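Structure record follows, encoded as structure tokens.
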Amino acid sequence: MTTLSFGGEKRFGGWAIDAQAGYTEGNEKRPEELTARFRRNTRDAVIRYDTDGPYRLSVTQLAGASFLEPSSYNFQRVDLTNESGSETESDVGFNARFNLAATTPAYVKLGALFKGKEKDSEGEVSELTTAPSTFTFANLAEPAGDYPYLRVPRLSTAAVKEAFYSNRSAFTGSRVFEDSEFEDFSLTEDVLAAYMMSSVTFGKLNVIGGVRVERTEFETTGRVLDLGNETAFSSKASRNYTNWLPGVYLRHDATKNLVFRTSWSNSLARPSFGDTAFRSLVNNDDLEITRGNPNLKALESVNWDASVEYYLPSLGLLSAAVFHKEIKNFSYEFEDPTPLVINGESYDLTTYANGSEGSITGLELAYQQQFRSLPAPFDGFGVMANITFLDSEATYPTRPREAVPFIGQSDQVGNVGLTYEKAGLFVRLALNFRSERLREDEPLGGSAPQDLFVDDFEQLDLTVRYKLSRNWEVYTEFLNLTEAPFRVFLKSDNGQGKRLGQVEEYGWSANFGVRWKL
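Sequential numbering from 60 applies to the sequence shown in my numbering.
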């Protein structure tokens with residue numbers, strides 16, 4: 060990745076003008092990603108599942124060829140994938156502020172920004188269905204390791220690579236039409252934005268009002284696939300739209316330590332490139348198709364916020380805030396209830412759509428304090444804590460007449476941290492937590508028992524930094540010290556219990572580094 064940026068600032072009279080420009084280019088190549096596949100016939104197998112809660116599961120095989128025997132698995136194929144992609148972003152903009160010559164402190168400010176993004180992707184996928192007789196699971200297996208469910212053998216990455224590349228010519232097959240064409244797409248997104256705002260202060264009250272307008276031009280080119288004839292042709296889709304985003308912000312300094320704020324604002328968030336790309340991924344093994352939707356609209360939100368802050372001695376703060384957001388055109392992934400029939404086979408179609416509307420209401424409480432009044436060396440200690448309570452709901456076109464939680468929103472999110480900062484040393488031990496949420500990176504279910512929820516999550520992290528000098532600093536970060544798992548569940552038909560959806564176990568990780576600052 061390469062990034063270049065520059066800017067400048069000029070003052071004359073009552074004006075202050077700044078301008079900036081930047082360019083970023085990123086390129087990625089993933090050559091010959093190798094996947095070896097072995098499969099066995101399970102029709103003769105009899106399996107018993109025993110559960111104790113949603114995440115405690117034991118699997119016992121009662122009949123049939125043993126899952127633990129590598130020789131019972133037959134070679135299926137080797138998938139060979141070559142992918143490349145690039146993404147560029149350029150921007151140029153300016154801001155101009157004029158301080159009004161009046162007895163009341165006031166200013167006006169305006170500016171504009173152009174930002175252009177381009178993304179290209181290309182891929183080729185081959186399925187090699189012929190392999191040497193020595194390319195067997197038994198020859199390539201390694202012990203299963205400490206896995207809490209069914210301890211089946213697994214492939215050794217090193218053994219597969221050695222066996223494949225030492226006899227590359229013995230593996231033959233053909234190009235996979237649908238997967239290769241799927242990866243060939245491009246997108247461009249140009250945004251031209253301008254704003255004008257003004258600020259005026261009346262005694263203890265400051266009022267800021269303004270409006271921002273954004274013009275978006277989006278275009279994507281991809282391949283439309285005819286699976287029956289294994290042909291593809293290029294097709295293009297585009298959308299142009301304009302958003303007006305007014306806002307009013309008020310701040311009242313009741314006393315030196317007590318501040319009230321309130322605001323009304325409008326915001327937007329554009330759908331991701333991955334959701335809007337003109338492409339269709341076909342999985343012939345599982346009879347599934349995933350398709351992008353270039354017609355997705357940008358999320359729009361009307362926001363009301365109010366807060367009170369009380370500043371304590373020694374860099375302390377107590378605050379409370381309430382907010383309410385009315386949202387429309389949020390995007391989500393779903394499975395179309397009507398299958399696609401191709402060559403006599405029924406494929407499940409997963410795609411993206413805009414939701415009708417949703418709302419998020421919340422209360423946020425925060426406390427922060429440095430204990431400078433304690434005797435040395437304890438005067439370096441500090442504490443910070445915040446928690447947000449949320450209530451959300453949304454309407455989804457694919458789930459009419461249902462009140463469903465807003466996708467990705469937890470009812471509680473919070474952080475608690477203990478800090479120490481003194482003589483160039485900074486230490487922070489922080490616990491981050493959030494309650495269950497409707498999973499945002501998987502399709503919304505066709506009914507409530509099919510919805511996937513990410514379960515409660517707590518993570519403990521440790522950060523340590525030490526300043527060697529004014530310019531040099533060493534640091535280390537220890538993440539997920541408690542080795543918290545990622546857990547997904549589905550609700551039972553009555554909505555009371557939980558059913559196993561997914562469990563991923565992670566250990567802790569650490570980063571070490573040196574920073575140099577100007």
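Note that CB positions come from ideal geometry on N, CA and C, so glycine has one too.
All of these numbers come straight from a predicted model, not from anything done at the bench.
Proximity test, Cβ basis, 8 Å: residue i and chain D
i	result
residue 75	No chain D appears in this structure, which consists of one protein chain only.
Collapsed DSSP secondary structure at residue i in the structure displayed
i	result
residue 194	coil
residue 482	coil
residue 175	strand
residue 227	helix
residue 437	helix
residue 131	helix
residue 314	coil
residue 183	strand
residue 425	strand
residue 356	coil
residue 211	coil
residue 235	coil
residue 93	strand
residue 399	strand
residue 447	strand
residue 260	strand
residue 199	helix
residue 564	coil
residue 277	strand
residue 218	helix
residue 241	helix
residue 473	strand
residue 338	coil
residue 417	strand
residue 292	strand
residue 126	coil
residue 63	strand
residue 388	coil
residue 611	Since the displayed the chain opens at 60 and closes at 577, residue 611 lies outside it and no answer follows.
residue 457	coil
Cβ-Cβ separation, residue j to residue i (assumed contact under 8 Å), whole Å
i	j	result
residue 201	residue 174	That pair is no contact at about 49 Å.
residue 241	residue 139	The pair is not a contact, with the Cβ atoms about 16 Å apart (cut-off 8 Å).
residue 411	residue 394	The Cβ separation is near 11 Å, so there is no contact.
residue 136	residue 232	7 Å
residue 369	residue 317	5 Å
residue 296	residue 354	7 Å
residue 134	residue 218	14 Å between Cβ atoms; not a contact.
residue 494	residue 539	About 18 Å; that fails the 8 Å criterion.
residue 196	residue 97	5 Å
residue 314	residue 364	Not really, about 21 Å apart at Cβ, beyond 8 Å.
Under 8 Å between C-beta atoms of residue i and residue j
i	j	result
residue 280	residue 244	yes
residue 158	residue 73	yes
residue 417	residue 451	yes
residue 346	residue 405	yes
residue 465	residue 514	no
residue 534	residue 574	yes
residue 563	residue 537	no
residue 362	residue 390	no
residue 620	residue 249	No answer is possible for residue 620: the residues shown for the chain start at 60 and end at 577.
residue 429	residue 376	no
residue 302	residue 278	no
residue 211	residue 292	no
residue 132	residue 99	yes
residue 152	residue 172	yes
residue 331	residue 360	no
residue 584	residue 488	Absent from the structure is residue 584, since the part of the chain shown begins at 60 and ends at 577.
Residue(s) in a DSSP beta bridge with residue i
i	result
residue 331	Residue 331 pairs with nothing; no bridge assigned.
residue 307	268, 323
residue 69	76
residue 363	323, 383
residue 255	169, 270
residue 575	531
residue 106	120
residue 627	No information on residue 627 is available, as it lies outside the stretch 60 to 577 that the chain covers here.
residue 462	Partner(s): none; residue 462 has no beta bridge.
residue 142	89, 182
residue 150	81, 174
residue 376	370, 427
residue 249	175, 276
residue 99	According to DSSP, which records beta bridges pairwise, residue 99 is partnered with nothing at all.
Closer than 7 Å: residue i CB and nearest the ligand HEM heavy atom
i	result
residue 494	Here there are no bound small molecules, and the ligand HEM is not part of this structure.
Along the chain, which unbroken stretches of the beta strand (DSSP E) at least 3 residues long are found entirely within the segment 491 to 546?
Taken in chain order, the whole beta strand (DSSP E) runs of length 3 or more contained in the segment 491 to 546 are 511 to 513, 516 to 526, 531 to 538.
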